[in-house]
Amino acid sequence: MFAKILHFAEQPDFDLLVFRGIGARAFGFPVFPFFHYESKQPVPRYNPQEIEPRWQKFWDDQHTFKTPEKITGEKLYALDMFPYPSGDGLHVGHPEGYTATDIVARHARMNGKSVLHPMGFDAFGLPAEEYAIKTNTPPRVSTEKNIENFVRQLKMLGFSYDWQRQISTTDIDYVRWTQWIFTVLFDTWYDHSQKTGRPISELPIPDDVTAAGPEEVRKYQDDFRLAYQTEALVNWCPKLRTVLANEEVVDGKSEVGGHPVVRKPLRQWMLRITAYADRLEQDLADVDWSDGIKKLQRDWIGRSTGAEVDFYIGADDEIDSWKSIRSQKGFPRKPGDDVLRVYTTRPDTLFGATYMVIAPEHAAVDKITTADQKDAVKTYVAAAAAKSDRDRQDDKTKKTGVFTGAYATNPVNGKPVPIWIADYVLATYGTGAIMAVPAHDVRDFEFAKTFGIDIVPVVSPPEGTDIDMDQLAAGEVCFAGQGTAINSGEYNGQSTAEFKASISAALTKDGVGNEAVNYKLRDWLFSRQRFWGEPFPILHELDQKKYAAGEVEFTGAVRAVDATNLPVNLPEIEDYTAKPDGDGGEYQPPLDLADREWLYPVIDGVTYKRETNTMPQWAGSCWYYLRFIDPKNDSVFIDPELEKQWMPVDLYIGGAEHAVLHLLYARFWHKVLFDRGHLQSKEPFQKLVNQGMILGDVEFTGYQDSSGAWVSSKDVTRDEERKPINKAGEALNLIKVDAADVEKSGESFVLKSDASIRIDSRAHKMSKSRGNVVNPDVIVKDFGADSLRLYEMFMGPLEQAKPWSMKGVSGVKNFLDRVWRLLVDDQNEEALALNAAVGDFEPTEDQTRVLHQTIKAVSKDIEKLSFNTAIARMMEFVNFFTKQKQRPQSVMEPFVLLLSPFAPHIAEELWRLLGHQESLAYAPWPRFDEALTVESTIEIPVQVLGKIKSRINVAPGTPKDELEKLALEDEKIAELLAGKTIVKTIVVPDRLVNFVAK
RNA sequence: GCUCAGGUACGCAAACAGGUAAAGCGACUUGUUUUAGAAACAAGUGUUUGCGGGUUCGACUCCCGCUCUGAGUACCA
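Under my numbering, think of the first position of the first sequence as 93, with each following residue one higher.
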């Protein structure tokens, strides 16, 4: 490659500066010479730089891809996961999914379907705000600039979006409806008995609450809303000055920027997604997603069933009265002060519960701790609070804990069990307390071993398990599986399943337990202390007297902004770099910098303070697919009639990184809106496909020690910071090795100069720091948009991760060049003219067959989203017809149509050359005739004992007995079978003949 | 540790309700033509499907075990 470049650079008429600028310096990879066509040269050579912008302008001017007003016939809603418009512009990963949906959309239009294919931008979020803080530029300004750049790049790739429908989550008009949906969530409670979300006004209020007055009623209602506030222990990132969702914290550090995260209590808005957990899980059955993604979502929801059980911790002499009250009144909704409530999936092991553990953050910690344990507990709890999630994780195998000094009573046998505090119990799951059964739970087992607590086996393993019964009885091993009950009084002998059922019934009868369901899924922490997000449409009532006196104090009452007063715009901020501080030196969100007029609105004479948290970036992406259907409506968020017509999304393509959160959140909102009668579709995304990641070009990496000697990669390990070290523990240097200096040896690569040195070969994720990022702008400039589209589809299966290869791009460019020459007279320098070989010929039988085979294969492959094979079939077509002296126009035309969804610009250009004045965007998709795809003769193998010995030529569809006869007549076969007896003959028509002979 | 995906030529890949292994692209070799260089055109090279076993007339495809790679996840009681 370098030789070429130098050669080129020596040319006096070659623009060296341009070359250097685009190539080696700016982007760090070689540039292929053929993009430097002189554009003065009019037409004969394929020149995407001239063709592509021309057709893009044509489509734009003609509104070619405008969504039809009314659906006629079938509809297709093809949707891409809209991008965050970062300042870096489009990444080559974006066009992969976008090209796939574009092919499907274009193909559907040609099949007469009504197509909705929109694009928009998910434009709230941290980077714009970080940029604002750094440069004091309003985020809206930089965001709009970035969107403009994204639109330019997307148009440059020739996607058939209906640009009239472009939206951004930051549009004031869009924010209005995002806020409106929040008010719906705020106004909704989940009725578990009817399994639906209902207006808060329909929430039944218990009499004692009503009697306590309107204030109590309000609090009761607030407890049930899908959007509610809580004082939550949050992941606080001091550097980013915001709270992060659990999902945004990776290894105790912020996902964005990698800053340390600590835990801190703060008032937060939460969304009660857990109320919908069951429906989110069950309705997965109705959608057409891969099993992998469904499983991912199911695991994330993490439904488990078991029982809640109360352990008595009150005064010993009152236990009998407690028991009798419980057996009369039953299991209360909220546990009282006299019990510790636990959640367990194994109520059948209750007899083996030899101690209890509560989380360090559990509310009962202070209450139950005895005087002599106070100091130890205090120390432990403080240490646990200071520990990051990362630290807790690292110590996972080492169990820590402290005894509270208190005991509870085991409800099944009345035995006292000690109560411990340990951080292996999570405050946020179940009830934050567990009954510990060390004989049958690995974690409890480790803990009990560490602290010398009794281990009582109560489940005998079934036969066939390699658990030693003696060891189990001695408390030396732990068995977590199912089996038969022992040491469990009257329950002895029951199987785990029977026991679960019978004990649950007994606990319920005594009022000390209840069946319960739990989820790993937690409620969604929905507020951020940031500027660049949707403001909450929420007003906090102020104490009016104190406000008049200049003090700000909340009454606790909260109301939503009336729909007529939406949107709540973000206030103008003068200094984005300022850090607002509250009265007590507490950190305040940036919106507290707003002027008083914005901050303290007066409604009906009452002064409120606006909520100054903002929504997370997920909010806008939760419903954008609905707005695309009706983007300009200013009376509702979507016209129900249009929603009915277009929903659900028929094909949704995007990165696997959104397989869990975005999809779960969007489905949740969708279901709430459905329950409240605003939507008619139950699920938003019918078919979902995750594209694989595009990795950088394959790199070879070797290792050298400090003396510069090579170290084979099999002798390299990683230290704690994942830096490479050799066996002696010395740090090693990573050395990039040129592909020319390595060769394959067995399964791995070795240095050519020293075959004992193994070299790592791997394609890495594209990243700025690695310097292997490929910029789509450059590819379009060098090869054209059609080549980029075609290459990204040709690399391999859509869902698979694949490495980028510049040589591959030139391969598909070469294909398009061949397509061009197939139809264009490249000798004619004067004007664009048809190749002389193309004409009004009658196609030969072979030509017809190749055409129909190609139509068939390409059509099927598009339906299967198997674009790489579709392209391969078109390459075969071109290889065949390049050799044909006569290329019938009636064959060339359908081929151009087949190519058009993949490479629309060149196809439009050739379509026009073939004499059509209209765009081919709505030309009917070519049909094939099955009969014409059949070969006149086929060659089939003849096997003896499963080994191929000969081949015979027959007409397709030759019947079995005929085939057998022909095979037997074959000379070689006859020779081989001579003197042997045929035991069995297998004949598969059109496939093979196999003789089993002895 | 667990879950999932995957291992086919030098690289990317195709075929898999079991039936001619390598379609297609790149790489490589040779030739033709044109050439300042590239390009174009033509012909050709390569291996038996990660390893071991099983089922079968027949296994890349199904089953069992192992191994390697990648992704996700992490005490969820």
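Idealized CB from N, CA, C, for every residue including glycine.
- Under the DSSP definition of a beta bridge, residue 802 partners with 796.
- By the criterion of a C-beta distance shorter than 6 Å, residue 932 is surrounded in its chain by 981, once the five residues flanking it on both sides are discounted.
- Here residue 458 is exposed: its Cβ has fewer than 16 other Cβ atoms, across all protein chains shown, within 10 Å.
- Here residue 525 really is in contact with residue 448; their C-beta atoms are around 6 Å apart, less than 8 Å.
- Pairing residue 924 with residue 146, the inter-Cα distance amounts to about 15 Å.
- Using a Cβ distance threshold of 9 Å, residue 214 and residue 709 count as a contacting pair.
- In the DSSP assignment, residue 825 falls outside any alpha helix (DSSP H) and lies within the beta strand (DSSP E) extending over 825-829.
- A straight line joining the alpha-carbon of residue 409 with that of residue 415 spans about 11 Å.
- Using a Cβ distance threshold of 9 Å, residue 754 and residue 173 count as a contacting pair.
- Proximity to residue 403 across 1038, 200, 1009, 604 peaks at 604, based on C-alpha coordinates.
- Put simply, the backbone Cα of residue 866 is about 22 Å away from that of residue 349.
- Pairing residue 966 with residue 998, the inter-Cα distance amounts to about 14 Å.
- Under the 10 Å beta carbon count, residue 851 is surrounded by 16 or more other beta carbons and is classified as buried.
- Assignment of beta-bridge partners to residue 895 by DSSP yields 787.
- Restricted to the stretch 377-443, the beta strand (DSSP E) segments that are unbroken, complete and at least 3 residues in length are 396-404, 431-436, listed in chain order.
- Assignment of beta-bridge partners to residue 499 by DSSP yields 510.
- DSSP places residue 744 in the strand class (E or B) of the three-state scheme.
- Residue 665 sits close to residue 682, with the two beta carbons spaced by under 9 Å.
- Following the DSSP letters along the chain, one finds residue 201 inside the alpha helix (DSSP H) bounded by residues 185-202.
- Approximately 20 Å separates the beta-carbon atoms of residue 436 and residue 460; this is outside 8 Å, ruling out the contact.
- Segment contact: the stretch 987-995 against the stretch 942-950, three or more CB-CB distances shorter than 8 Å; contact assigned.
- For residue 759, the enclosing alpha helix (DSSP H) has its first and last residue at 753-767.
- Spanning the alpha carbons of residue 641 and residue 630 requires a straight line of approximately 24 Å.
- Bounds of the beta strand (DSSP E) holding residue 1088 are 1084-1089.
- When the Cα atoms are used, residue 703 and residue 614 turn out to be separated by approximately 23 Å.
- For residue 732, no beta strand (DSSP E) encloses it; the enclosing alpha helix (DSSP H) starts and ends at 732-738.
- Contact between residue 985 and residue 1006 holds: their C-beta atoms lie close to 6 Å from each other, under 8 Å.
- Residue 860 sits close to residue 180, with the two beta carbons spaced by under 9 Å.
- Boundaries cannot be given for residue 173, as no beta strand (DSSP E) includes it and DSSP labels it neither H nor E.
- For residue 972, the three-state secondary structure derived from DSSP is helix.
- Residue 661 carries a coil assignment under DSSP once its states are collapsed to helix, strand and coil.
- Apart from the 5 residues on each side of it in sequence, residue 200 sits with its Cβ closer than 7 Å to the Cβ of 168, 207 in its chain, given in chain order.
- Residue 794 places its beta carbon 9 Å or farther from that of residue 890.
- The secondary-structure analysis by DSSP pairs residue 852 across a beta bridge with 793.
- Looking at the DSSP output, residue 979 bridges to 930.
- Per the coordinates, the alpha-carbon of residue 469 lies some 6 Å from the alpha-carbon of residue 494.
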